[in-house]
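Notes follow once the structure below has been shown.
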Amino acid sequence: MRDDPTVVSLVTRAAASDQGAWDEIVDRYAPLVWSICTGFRLSTHDVEDVAQNVWLLLVGQLGTLREPAALPGWLATTTRRECLRVVTAARRSERLGTELDEAAQFVADTVVDEEILAAERNAALRAAFAELPPRCQELLSMLLSDPPRSYGTISTTLDIPIGSIGPQRARCLERMRKSSALLGLTEVGVNFPGGDPGA
Amino acid sequence: MRNGWDDEQLLGALREAIRARRAVPSWFVEMGKNAYAWHNIDAELAQLTYDSQAETKEPAFMRSEAASIRALTFTSARLSLELEVGENSLIGQVIPPQAGTLETHTKAGLTTSRVDESGYFAVEPIPASPFRLRFQTAGGVDVVTGWITL
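If you read the sequences in order, they're chains E and A.
So the first sequence is numbered by my numbering: it starts at 112 and just counts up by one.
So the second sequence is numbered by my numbering: it starts at 766 and just counts up by one.
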C-alpha cells in the first residue's frame with residue numbers, strides 16, 4: 112500500500128514524538144515481524160534479539176525513512192536481515208558452508224513478499240473491524256469464535272431474534288467492505304490469499 | 766462484488782487477521798513499544814557480530830580455561846566494542862582505541878564508566894540483564910549496543 116495515508120500519518124506523527132502513533136505502528140506490524148521470526152524457527156532468545164534490533168533501527172530512522180508508506184516492506188526486509196544474521200551466526204558455529212546461507216537467503220526473499228501482502232491485508236482487516244459499531248464487533252466475534260457459537264447462543268447472548276442474525280451479519284460485513292481501510296486495500300490489488308476472489 | 770470478497774471469504778480473512786494478531790505474545794508487542802524510549806537519542810546502533818558462547822559447541826571438558834570466558838563483539842559503522850565477561854566485572858575495549866564515557870543502561874536506570882585513551886573500560890558489578898551499553902566521546906561519537914542478555 113504505497114499510498115496508504117494511515118501508515119504515512121503514523122510514521123510522521125511517531126517521528127514527531129507521538130508515543131501513541133508509535134504504539135499503533137507496533138500493534139499493526141508486530142504480527143508481521145513475529146511471523147517472519149517464526150518462519151526462521153528462532154529460539155525465544157534470538158527472537159528477542161531480532162525484534163529489539165528491528166524496532167530500535169526503526170525508532171532511529173523514523174525521521175529519515177524515504178518512503179513512509181513502504182514501512183511494511185522496510186520492516187519485513189529488516190526483520191529478515193536480522194533473522195539471517197542470527198541464523199548465519201548459528202550456522203557458522205556448526206561449520207556448514209555458504210551454500211546453506213545462500214539457500215536461506217533465497218527462501219527468505221521469496222517468502223517475504225507474501226508475508227508483506229498478508230500483513231497489510233491483516234492490518235487493514237483489523238482496522239476495518241475496529242471501526243465497526245460495537246454491535247457488529249460483538250456479532251462477528253461470536254461468529255468467529257472457536258468453536259463457533261450456535262445461532263441459538265448468539266441470539267440469547269446478543270438478545271436478537273435468530274432470524275435476524277443472517278441479515279445483520281451481511282450488513283456488518285458490507286460495512287466492513289465499504290470501510291476506507293478495505294477500499295484502500297483493493298485499490299492496490301492486495302487480494303484474497305491464493306484465490307480468485309471474483310469467482 | 767465490490768471488494769472482491771464475498772461474505773464467507775471476508776469472514777475467513779478476518780478470522781485469519783485476528784488469529785495472526787493473537788499469535789503474537791504480549792511481551793513481544795511491549796518490547797516494540799518500549800523501544801520508543803530511544804526516540805530522539807541520536808546514537809548509532811552497534812550490532813552483535815560475535816558471541817563466543819554461540820561459537821563453542823564442543824563439550825565442556827574439551828574447553829580450555831581461557832575459552833570459558835565469554836567474549837562478545839558489537840560493531841557499528843565507525844567502531845567496535847569488545848567485551849569480556851569476567852567473574853565480577855565486564856571489561857572491554859573500544860576499537861579503534863579512543864577515550865570517552867560508557868553508559869550502562871538497565872531497566873533500573875543507568876551508570877557511567879570512564880573509557881581511557883586506550884579504549885579500555887570496566888563495568889562493575891556485571892549489570893543485570895538485559896542491559897545495553899552506550900559509548901560517547903567529546904568528538905561526537907555516539908554508539909549504543911542492542912540489549913544484551915548474559
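Heads up, the beta-carbon is just placed ideally off N, CA and C, and yes, glycines get one too.
Taking a contact to mean a Cβ-Cβ separation below 8 Å, would you say residue i touches residue j in this structure?
i: residue 913 of chain A; j: residue 890 of chain A; result: no
i: residue 186 of chain E; j: residue 140 of chain E; result: yes
i: residue 839 of chain A; j: residue 162 of chain E; result: no
i: residue 170 of chain E; j: residue 800 of chain A; result: yes
i: residue 812 of chain A; j: residue 911 of chain A; result: yes
i: residue 871 of chain A; j: residue 888 of chain A; result: no
i: residue 235 of chain E; j: residue 182 of chain E; result: no
i: residue 819 of chain A; j: residue 126 of chain E; result: no
Starting from the Cα of residue i, find the closest Cα among the options and give me that residue.
i: residue 151 of chain E; options: E:193, E:129 and E:242; result: E:193
i: residue 849 of chain A; options: A:799, A:842, A:836 and A:859; result: A:836
i: residue 269 of chain E; options: E:133, E:247, E:173 and E:165; result: E:247
i: residue 879 of chain A; options: A:796, A:903 and A:803; result: A:903
i: residue 278 of chain E; options: E:251, E:133, E:236 and E:164; result: E:251
i: residue 906 of chain A; options: A:866, A:858, A:817 and A:790; result: A:866
i: residue 130 of chain E; options: A:783, A:790, A:770 and A:802; result: A:802
i: residue 897 of chain A; options: E:263, E:148, E:164 and E:157; result: E:164
i: residue 133 of chain E; options: A:856, A:892, A:798 and A:784; result: A:798
i: residue 858 of chain A; options: A:881, A:877 and A:874; result: A:881
Nearest-angstrom Cα distance between residue i and residue j?
i: residue 146 of chain E; j: residue 226 of chain E; result: 8 Å
i: residue 168 of chain E; j: residue 188 of chain E; result: 12 Å
i: residue 861 of chain A; j: residue 884 of chain A; result: 7 Å
i: residue 886 of chain A; j: residue 846 of chain A; result: 10 Å
i: residue 854 of chain A; j: residue 786 of chain A; result: 41 Å
i: residue 863 of chain A; j: residue 908 of chain A; result: 13 Å
i: residue 844 of chain A; j: residue 177 of chain E; result: 26 Å
i: residue 281 of chain E; j: residue 294 of chain E; result: 17 Å
i: residue 136 of chain E; j: residue 122 of chain E; result: 8 Å
i: residue 245 of chain E; j: residue 291 of chain E; result: 18 Å
i: residue 143 of chain E; j: residue 255 of chain E; result: 22 Å
i: residue 824 of chain A; j: residue 160 of chain E; result: Because residue 824 of chain A carries a pLDDT of 48, less than 50, the predicted location of this residue cannot be relied on, and the following value inherits that uncertainty. Approximately 25 Å, taken between the alpha carbons.
i: residue 261 of chain E; j: residue 283 of chain E; result: 18 Å
i: residue 273 of chain E; j: residue 263 of chain E; result: 7 Å
i: residue 253 of chain E; j: residue 149 of chain E; result: 28 Å
i: residue 231 of chain E; j: residue 180 of chain E; result: 11 Å
i: residue 814 of chain A; j: residue 842 of chain A; result: 12 Å
i: residue 834 of chain A; j: residue 258 of chain E; result: 53 Å
i: residue 228 of chain E; j: residue 876 of chain A; result: 44 Å
i: residue 915 of chain A; j: residue 856 of chain A; result: 14 Å
Could you work out which residues of chain A lie near residue i, taking near to mean beta carbons separated by less than 8 Å?
i: residue 173 of chain E; result: 804
i: residue 284 of chain E; result: 772, 775 and 776
i: residue 134 of chain E; result: 798 and 801
Can you list the residues of chain A that residue i reaches, using a CB-CB cut of under 7 Å?
i: residue 170 of chain E; result: 800, 801, 803 and 804
i: residue 240 of chain E; result: 779
i: residue 248 of chain E; result: Within chain A, no residue comes near residue 248 of chain E; the closest Cβ sits about 11 Å away, beyond 7 Å.
i: residue 122 of chain E; result: Going along chain A, no residue has its Cβ under 7 Å from residue 122 of chain E, so there is no contact; the nearest lies around 12 Å.
Please compile the residues from chain E whose C-beta is within a distance smaller than 7 Å of the C-beta of residue i.
i: residue 837 of chain A; result: The contacting residues do not exist; residue 837 of chain A stays about 12 Å from chain E at best.
i: residue 789 of chain A; result: 141, 142 and 145
Which bits of chain A does residue i rub up against, with CB to CB less than 9 Å?
i: residue 232 of chain E; result: 778, 781 and 782
Could you list which residues in chain E have their beta carbon closer than 8 Å to that of residue i, in chain order?
i: residue 810 of chain A; result: 164, 167, 168 and 171
Output, in chain order, the set of chain E residues within a Cβ distance shorter than 9 Å of residue i.
i: residue 914 of chain A; result: 156, 159 and 160
i: residue 793 of chain A; result: 141, 144, 145, 148, 158, 159 and 162
Subject >> Stretch-stretch touch, CB-based, cutoff 8 Å, three pairs: the segment 225-240 of chain E with the segment 766-781 of chain A >> reply: In short, these stretches touch, since the Cβ pair count reaches three.
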